[in-house]
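A short write-up of the structure that comes next.
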Amino acid sequence: MNRCAPVLLVLAACGSSHREVAKLSAPGDGQCHEAGGCEATLPAEPQFKLPDSDHPAPQDPTLGPIEARDATCEDVGVNLASLDLGNYAEHDKLAPVIAKYRGQCTKLKLTKAERQCAFESTDRSSVTWCAPRLMPGAQVALVDVKECPEVAKQMRQRSEQAQSGQATWPKQLAALQTSCEQDRWTVPFRECVNSVPFPTYVDAYCGNAAPAPLRKKLQDRLEQIK
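Counted the way the numbering used here counts, the sequence shown spans residues 1278 to 1503.
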């Protein structure tokens, strides 16, 4: 029997009282083993605060009215060149066409109304309607103003046959007749107007049959009716 064993056990027990026993854990056990804790310090989240005198709410930007300007011969040239070649044509191809139409506009001394109308047109037929002098050889058939009363009369008869008249229809019919007499209706537009039963249908069903500037003139007349 080994008599030294008890002595070694006592010494081991006494020595352990002066130091901490290491805590061993398996990696990834989900436990925190740091003395100061394992929680990371996160920055404070931004908080919404109501505006106050020191921090007022931002104001909406103040946009002034769009300044209207008269179309120039340069504007006319740019628009007509884009109608001929497309909006995405190369500059070197657009430049001579712009110069050609700008020169024609200047030489013909187009009026302010002709320039504005040609500049706002979206197709060549509308340009021809606006400024026939700018499109030699192209023609647009126009309605004789003497036919305009008959156009209004026929629509009035169609409206009465429908037996669903509205209080504003007499004023709308008068506006249509005035437009026919003063706004240079085209023959295709008149034919379309003769096929609709009510004046309120004209813009919806016949808008594509009229040059864009003519359609705008008629819309302006109808919008003034109350």
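Where is the CB? At the ideal position from N, CA and C, for every residue including glycine. Computed from a predicted structure; not experimentally measured.
Straight-line Cα distance separating residue 1480 from residue 1498: When rounded, the distance between both Cα atoms is 12 Å.
Where residue 1356 falls, given that 16 or more other Cβ within 10 Å makes a residue buried: When all chains shown are included, residue 1356 counts as buried.
Three-way DSSP call (helix, strand, coil) for residue 1387 in this model: DSSP places residue 1387 in coil when its eight states are reduced to three.
Residue 1420 versus 1458, 1411 and 1404, residue with shortest Cα-Cα distance: Checked all of 1458, 1411 and 1404; the closest Cα to residue 1420 is 1458.
Check whether residue 1350 and residue 1388 have beta carbons under 8 Å apart: Result no, Cβ atoms of residue 1350 and residue 1388 do not sit closer than 8 Å.
Residue 1455 - DSSP class collapsed to helix/strand/coil: Here residue 1455 sits in helix by DSSP.
The stretch 1434 to 1454 / the stretch 1411 to 1419 touching (three or more Cβ pairs under 8 Å): No, the stretch 1434 to 1454 does not touch the stretch 1411 to 1419.
Bridge-paired residues (DSSP) for residue 1463: Looking at the DSSP assignment, residue 1463 forms a beta bridge with 1419.
Nearest-angstrom Cβ-Cβ length linking residue 1354 and residue 1376, presumed shorter than 8 Å: The Cβ separation is near 7 Å, so the contact holds.
Per-residue burial, residue 1298 [other beta carbons within 10 Å of its own, 16 or more giving buried]: Summary for residue 1298: the model assigns pLDDT 46, below 50, so the residue's position carries little reliability; its value from the coordinates is reported in the next sentence. Counting the other Cβ atoms within 10 Å of the Cβ of residue 1298 gives fewer than 16, which makes it exposed.
Rounded C-alpha distance that separates residue 1470 from residue 1410: Distance between the alpha carbons of residue 1470 and residue 1410: 27 Å.
C-beta contact flag for residue 1358 and residue 1374 at 8 Å: Yes, they are a contact pair.
Proximity winner among 1502, 1463 and 1476, relative to residue 1407 (alpha-carbon distances): Ranking 1502, 1463 and 1476 by Cα distance to residue 1407 puts 1463 first.
Where the alpha helix (DSSP H) containing residue 1405 begins and where it ends: Start and end: 1401 to 1407.
Residue burial classification, residue 1385 (beta-carbon count within 10 angstroms, cutoff 16): Residue 1385 is exposed by the Cβ-count criterion.
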